[in-house]
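Here is the structure we will look at, set down as structure tokens.
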Amino acid sequence: MFEGHAWMVWLGVALVLVAIETVTVDFTFLMLAGGAVGGSVAAAFGAPPVVQAVVAALVAVALLAIVRPWLKNRLQASTPQQIMGTAAHVGRSAVAIDRVNPAGGQVKLAGETWSARTLGDDIEPGEEVIVDSIDGATAIVSRARVVGS
Numbered sequence: 001m002f003e004g005h006a007w008m009v010w011l012g013v014a015l016v017l018v019a020i021e022t023v024t025v026d027f028t029f030l031m032l033a034g035g036a037v038g039g040s041v042a043a044a045f046g047a048p049p050v051v052q053a054v055v056a057a058l059v060a061v062a063l064l065a066i067v068r069p070w071l072k073n074r075l076q077a078s079t080p081q082q083i084m085g086t087a088a089h090v091g092r093s094a095v096a097i098d099r100v101n102p103a104g105g106q107v108k109l110a111g112e113t114w115s116a117r118t119l120g121d122d123i124e125p126g127e128e129v130i131v132d133s134i135d136g137a138t139a140i141v142s143r144a145r146v147v148g149s
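Okay, so the sequence shown: first residue is 1 according to UniProt numbering, each after it adds one.
Structure, rendered in structure tokens:
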């Protein structure tokens, strides 16, 4: 049926696998597409279908075993880690809205009002604080240190 055009079938399979890769972004389907390209090259040189399939499988396995881990490590090394959720507030500065002490208080943090408490000193309204940690929905804060004092 595909006599003489098997290489085009392999390229079609490779294109479908690349399209799937754009959704998954895991480099697995990209490596399988590389195997399909290998099968296409074998078909273009007139190899029988069994040889084409073996070449496609060997190329895909080699790419999955060698290239994919290297590519994933390279991508992870160049992608900065994103801190999300409440952990993203640790280290940020905030402003005390009312007196903050070990019993409680409120601060303005990232445009929102948060309940807050300190682990020691009292902080007066209007003072700048630093978020040391988050305990549930409460910011644990300390007085911001002025550089040079």
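For every residue, glycine included, the Cβ atom is placed at its ideal position computed from N, Cα and C.
Since this is a predicted model, take the numbers as computed values, not measurements.
Check: Residues that VAL129 bridges to, as DSSP identifies them; Outcome: ALA94 and ARG143
Check: Alpha carbon of TRP7 to alpha carbon of VAL23, nearest angstrom; Outcome: 25 Å
Check: ASP121 versus ALA88 - alpha carbon distance; Outcome: 24 Å
Check: Cβ-based burial, THR113 [other Cβ within 10 Å; buried from 16]; Outcome: exposed
Check: Candidates ALA53, LEU32, GLN106 and VAL9, of which the one nearest ALA65 by Cα; Outcome: LEU32
Check: Sufficient close CB pairs (3 or more, under 8 Å) joining the segment 126 to 137 to the segment 88 to 101; Outcome: yes
Check: Strand pairing of ASN101, partner residues [DSSP]; Outcome: GLY104
Check: Three-way DSSP call (helix, strand, coil) for LEU119 in this model; Outcome: coil
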